[in-house]
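As structure tokens, the structure follows; a few thoughts come after it.
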Amino acid sequence: MTDDESPSRRRTRQALFDAMLEELGAGNEPTIAAVAARADISRATAYRYYSDPTELVAAAMEDALARRLGAIAVPAEGSAAERAERLAGRIALTVLADEDLFRRALAPERPPDCRPIGTVGAGGARPCWSR
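Take the UniProt record's numbering: the last position of the sequence shown gets the number 131, and nothing is skipped along the way.
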């Protein structure tokens with residue numbers, strides 16, 4: 001999502017992202033038509049945003065990861081070691097709360113039906129995959 005998008009476009013894009021993640025969570029092979037139906041928007045509207053389901057999966061996963069990781073508050077109290085330990089605990093709980101999403105995004109090798117959407121780790125050491 002971009003900062004200069006209208007609120008209406010942001011809501012539509014977020015609805016597409018949420019519907020895509022629901023489709024993936026249900027074990028469905030997502031299509032733009034199925035995602036549009038789940039999001040309760042027209043197929044034509046959905047196709048104006050994403051014509052390729054692979055692109056929509058990548059965008060939805062990137063958004064979901066950013067929202068989940070961005071919501072983790074860095075502890076303000078305690079020594080550096082104590083703050084780091086509490087932060088690591090919060091990150092672990094976030095990952096465990098949505099394990100499937102993080103497994104899919106951080107798979108060490110490419111599953112046969114996935115494509116790279118970026119890299120993670122020092123120097124981009126590990127690829128990020130999306131179905």
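Just so it is clear, CB atoms sit at the ideal spot from N, CA and C, and this is done for glycine as well.
So, at 7 angstroms on beta carbons, what are the nonlocal neighbours of residue i in its own chain, with the 5 sequence-adjacent residues on each side left out?
i     : result
LEU21 : ALA60 and ALA64
Excluding the 5 residues flanking residue i on each side, which residues of the same chain have their C-beta closer than 8 angstroms to its C-beta?
i      : result
ARG83  : VAL74, PRO75, ALA76 and GLU77
GLY121 : Only weak support exists for where GLY121 lies, its pLDDT of 47 falling under 50; the coordinates are left without a value.
TYR49  : THR12, ARG13, LEU16 and LEU56
For residue i, which of the options has the nearest alpha-carbon?
i      : options                       : result
ALA97  : ARG68, ALA34 and ARG11        : ARG68
ILE72  : ARG43, ARG86 and GLU62        : ARG86
ASP100 : GLU23, ARG38 and SER8         : GLU23
GLY70  : ALA81, ILE41, ARG90 and THR54 : ARG90
THR31  : ALA44, PRO53 and ALA92        : PRO53
Beta-carbon within less than 6 angstroms of residue i's beta-carbon, same chain only, minus the 5 sequence neighbours each way: which residues are those?
i      : result
PHE102 : VAL95
From residue i to residue j, what does the alpha carbon distance come to, in whole angstroms?
i      : j     : result
GLU5   : ALA58 : 19 angstroms
TYR47  : ALA81 : 48 angstroms
ALA105 : GLU62 : 9 angstroms
SER79  : ARG10 : 40 angstroms
ALA92  : GLU29 : 29 angstroms
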